[in-house]
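**Student:**
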Amino acid sequence: MTQLGIGIVGTGMMGRIHADAARRVGARVVAVAGSSRTSAERAVREWAGGSAALEVEDLITHPDIDVVHLCVPNHLHEPLAARALEAGKHVVCEKPLALDLAGARALAGSARTSGLTAAVPFIYRYHPLVAEARARVQAGSAGSIHLIHGSYLQDWLSNPEDTNWRVDAGKGGASRAFADIGSHWCDLVEWVSGHRIQEVSALTKTAYAERPGAAGTAPGAVSTEDIASVAFRTDRGAVGSVIISQVSPGRKNRLWFEISTANVSVGFDQEQPETLWVGGREGNQVLTRDPNTLSPEAAELSTLPAGHPQGYHDAFRAFVADVYASVSHGAAVGRMPTFEDGLRAAAITEAVLASAERGAWVRVGDFSP
Ligand code: SOE
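Residue 348 in the numbering used here sits at position 297 of the sequence shown, and the numbers go up by one each step.
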């Protein structure tokens, strides 16, 4: 396989994570672009050594770059992803794909007609024990799935002084907590269960009416939600609920789900990714990751032997490996989350906001392509 050339747009935490993953699977980070030349040069010095600091347009049109990774604030996703596709580049774009559903729909359409690889890093799919959970609840012996529930809780916005560009609807979009992390939860449980969330009834809450401006500017009114509480029904007859919060002191990145079928329950906590709780009438087990005893799908994602912990970086690496395999072979890899999944997340987000506003059940299909 020829070595792929990668361009990273964005110099924050996510830019660095994408660059690390790209290098771990043998690609070359050719260039980095940031909000300024200074931030791009700093990234080259600190974590993207060997690459060039470029302006975004020069990066997108660079002849040695095959894949553009967009790790920038949300309002830049749509224009930059559209530009990269137009320039014939494969794209990895952080979620949400756009500030609204119309933008996500347009982008997914462009990706479809381009025939290029266009992926969204819903990377929690790539934890080996998530694959194990999927294999167990979808096994014929499990019986029907009745219940899907859980939460995704963070605390980095729990103080009224906490702020970030995501708080500003102009940069982050009309939904914040749900679009940012609720999207991961919904993608994950749909992936694991094979069900699709069909109808939602949502409550949202903004904990603080004002927060400081992102760059030390004057405080401003906050219109985006800190919390969402969502009840749902799926297309295959299950019911469920999820709590999404970015204001839960002590919860750092606690994505947790539990799925109950007729014969088995599974529970997964992203902060303890080396274990899976498996419940049954005759007794419960806490599985630890051991490629020798897991399903083939989970064993495939186990790149280290038992007792050698894998985590977030490894899930990210496995996602990027699928993306580059798709680029190299010209075909999507089955489990790789694409712009279609990004569009799906945008439709669920839109339904959640509409339900909270109307105080009524809303069908996700009303917002689907
Ligand atoms: C911030 O909430 C954030 O970095 C999300 O944007 C990521 O998608 C999530 O994986 C971790 O938290």
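For every residue, glycine included, the Cβ atom is placed at its ideal position computed from N, Cα and C.
No experiment lies behind these values; they were computed from the predicted model shown.
#1: Going along the chain, which residues of its own chain have a beta-carbon closer than 7 angstroms to the beta-carbon of residue 372, five neighbours each way excluded?
#2: If residue 173 sits next to residue 235, beta carbons under 8 angstroms apart, how far is it from one beta carbon to the other, in whole angstroms?
#3: Just tell me which of 115, 389, 312, 296 has its CA closest to the CA of residue 230.
#4: Taking the alpha-carbon positions, what's the residue 123 to residue 107 distance?
#5: By DSSP, does residue 393 sit in helix, in strand, or in coil?
#6: Around the C-beta of residue 380, are 16 or more other C-beta atoms found within 10 angstroms, so that it is buried, or is it exposed?
#7: Under 6 angstroms Cβ to Cβ from residue 361, same chain only, skipping five residues before and after it: list those, please.
#8: For residue 122, which of helix, strand or coil comes out of DSSP?
#9: Check residue 249 in the structure and name its three-state DSSP category.
#10: Could you have a look at residue 62 and say whether DSSP puts it in helix, strand or coil?
#11: Tell me the residue span of the alpha helix (DSSP H) that contains residue 153.
#12: Can residue 204 and residue 309 be called in contact, C-beta distance under 9 angstroms?
#13: Going by DSSP in three states, residue 259 sits in which element: helix, strand or coil?
#14: Any heavy atom of the ligand SOE closer than 8 angstroms to the Cβ of residue 205?
#15: Could you tell me which uninterrupted alpha helix (DSSP H) segments, each at least 4 residues in length, are contained entirely in the segment 275-356, listed from first to last along the chain?
#16: Just to confirm, is the Cβ distance from residue 240 to residue 293 under 9 angstroms?
#17: Buried or exposed, going by whether 16 or more other CB atoms sit within 10 Å of the CB of residue 322?
#18: Answer with buried or exposed for residue 300, where buried requires no fewer than 16 other C-beta atoms within 10 angstroms of its C-beta.
#19: Can you tell me whether residue 180 is helix, strand or coil according to DSSP?
#20: Is residue 422 near the ligand SOE, going by C-beta to nearest heavy atom under 8 angstroms?
#21: Helix, strand or coil: which one does DSSP assign to residue 230?
#22: Contact defined as beta carbons within less than 8 angstroms: I believe residue 393 pairs with residue 171. What is the distance between those atoms, to the nearest angstrom?
#23: Can you check whether the CB of residue 58 is closer than 9 angstroms to the CB of residue 105?
#24: Residue 84 bridges to which residues according to DSSP?
#25: When you compare only the Cα positions, how much space is there between residue 178 and residue 349?
#26: Relative to the C-alpha of residue 259, which candidate in 282, 216, 233, 209 has its C-alpha closest?
#27: Quick check on this structure: which residue in 217, 400, 193, 307 has the alpha carbon closest to the alpha carbon of residue 273?
#28: For residue 145, is the beta carbon positioned less than 8 angstroms from some heavy atom of the ligand SOE?
#29: Using 9 angstroms as the threshold, is the C-beta distance between residue 99 and residue 70 below it?
#30: So which of 185, 307, 396 has the shortest CA-CA distance to residue 150?
#31: Where does residue 174 fall in DSSP's three states?
#32: Hey, could you find the ends of the beta strand (DSSP E) residue 221 is sitting in?
#33: What's the call for residue 96, buried or exposed, on a 16-neighbour Cβ count within 10 Å?
#34: Output needed for residue 298: all residues of its chain with C-beta closer than 6 angstroms, excluding positions within five of it in sequence on either side, in chain order.
#35: Is the beta carbon of residue 246 within less than 8 angstroms of some heavy atom of the ligand SOE?
**Tutor:** With the structure as the only source:
#1: Setting aside the 5 residues that flank it on each side, residue 372 is surrounded in the same chain by 76, each with a C-beta closer than 7 angstroms to its C-beta; the list follows chain order.
#2: Between residue 235 and residue 173 the Cβ distance is about 6 angstroms, and since that is below 8 angstroms, they are a contact.
#3: The shortest C-alpha separation from residue 230 is found at 296.
#4: Going from the Cα of residue 123 to the Cα of residue 107 covers about 11 angstroms.
#5: In the displayed model, residue 393 falls within a helix according to three-state DSSP.
#6: Around the Cβ of residue 380, a 10 Å sphere holds fewer than 16 other Cβ atoms; the residue is exposed.
#7: Closer than 6 angstroms at the Cβ level, and outside the excluded window around residue 361, lie 355.
#8: Coil, per DSSP.
#9: The answer is strand: DSSP assigns residue 249 an E or B state.
#10: The three-state secondary structure of residue 62, taken from DSSP, is coil.
#11: Residue 153 -> alpha helix (DSSP H) spans 152-165.
#12: Judged by beta-carbon spacing, residue 309 lies beyond the 9 angstroms limit of residue 204, meaning their Cβ atoms are not closer than that value.
#13: It is coil, neither helix nor strand.
#14: At a cut-off of 8 angstroms, the beta-carbon of residue 205 counts as near the ligand SOE: some heavy atom of the ligand is closer than that.
#15: Listed in chain order, the complete alpha helix (DSSP H) runs (minimum 4 residues) inside the segment 275-356 are 347-352.
#16: Yes, they are a contact pair.
#17: That one is exposed.
#18: Residue 300 counts as exposed, since fewer than 16 other C-beta atoms from the protein chains shown sit within 10 angstroms of its C-beta.
#19: In this structure, DSSP gives residue 180 a helical state, which the three-state scheme calls helix.
#20: Residue 422 falls outside the range modelled here, since the chain spans only 52 to 420, and no answer is possible.
#21: It is helical.
#22: Contact between residue 393 and residue 171 is confirmed by a C-beta separation of about 4 angstroms, below the 8 angstroms threshold.
#23: Residue 58 is positioned such that its CB atom lies closer than 9 angstroms to that of residue 105.
#24: According to DSSP, which records beta bridges pairwise, residue 84 is partnered with 60.
#25: Approximately 8 angstroms between the Cα atoms of the pair.
#26: Residue 209 is the option with its Cα nearest to residue 259.
#27: Its Cα nearest to that of residue 273, the residue 217 stands out among 217, 400, 193, 307.
#28: Shortest gap from the CB of residue 145 to any heavy atom of the ligand SOE: under 8 angstroms.
#29: Using a Cβ distance threshold of 9 angstroms, residue 99 and residue 70 count as a contacting pair.
#30: Nearest option by C-alpha distance: 396.
#31: In the structure shown, residue 174 sits in a helix (DSSP, three-state: H, G or I).
#32: Per DSSP, residue 221 is not a residue of any beta strand (DSSP E); the alpha helix (DSSP H) it occupies stretches across 220-223.
#33: Counting the other CB atoms within 10 Å of its CB gives residue 96 a total below 16, which places it among the exposed residues.
#34: Within the same chain, residue 298 has close Cβ partners 208, 209, 258, 277.
#35: Residue 246 Cβ: outside cutoff for every heavy atom of the ligand SOE.
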